[in-house]
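Data block below; observations after.
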Amino acid sequence: MEKLNYTKYERARIIAARALQIAAGAKPLIKTKTTDPIKVAKLEFEKGVIPFKVLRRIER
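Spelled out as structure tokens, the structure:
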């Protein structure tokens with residue numbers, strides 16, 4: 017994931033979506049001792065390994 021300036025809403029949505037995937041059985045993308053999906057998703061976000069893209073609308 018590129019290092020971008022995400023809004024707090026984008027950050028929350030990315031972490032929540034990834035935590036849901038982990039809770040549903042997806043394997044974590046990083047090695048960690050914790051099994052809490054939210055904590056794992058936050059760590060993945062901080063390391064920049066979540067493969068999500070944020071599409072923003074440009075108002076004209």
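Numbering of the sequence shown is given in this note's numbering, commencing with residue 17 and proceeding in unit increments.
Backbone N, C-alpha and C fix where the C-beta goes; we use that ideal spot for every residue, glycine too.
Worksheet item: Can you tell me whether Val70 is buried or exposed, with buried defined as 16 or more other CB within 10 angstroms of its CB?
Response: Val70 is exposed by the Cβ-count criterion.
Discussion item. Quick check on Val65: buried or exposed, where buried means 16 or more other Cβ atoms within 10 Å of its Cβ?
Written reply: Counting Cβ neighbours within 10 Å, Val65 comes out exposed, since fewer than 16 surround it.
Fill in: Identity of the residue in Leu20, Lys49, Pro67 nearest Gln37 by Cα
The residue with the shortest Cα to Cα distance from Gln37 is Pro67.
Discussion item. Using the three-state DSSP reduction, which class does Glu60 fall into: helix, strand or coil?
Written reply: DSSP places Glu60 in helix when its eight states are reduced to three.
Item to complete: Using a threshold of 8 Å, state whether the C-beta atoms of Pro44 and Glu60 are closer than that.
Response: Taking 8 Å as the Cβ cut-off, Pro44 and Glu60 qualify as a contacting pair.
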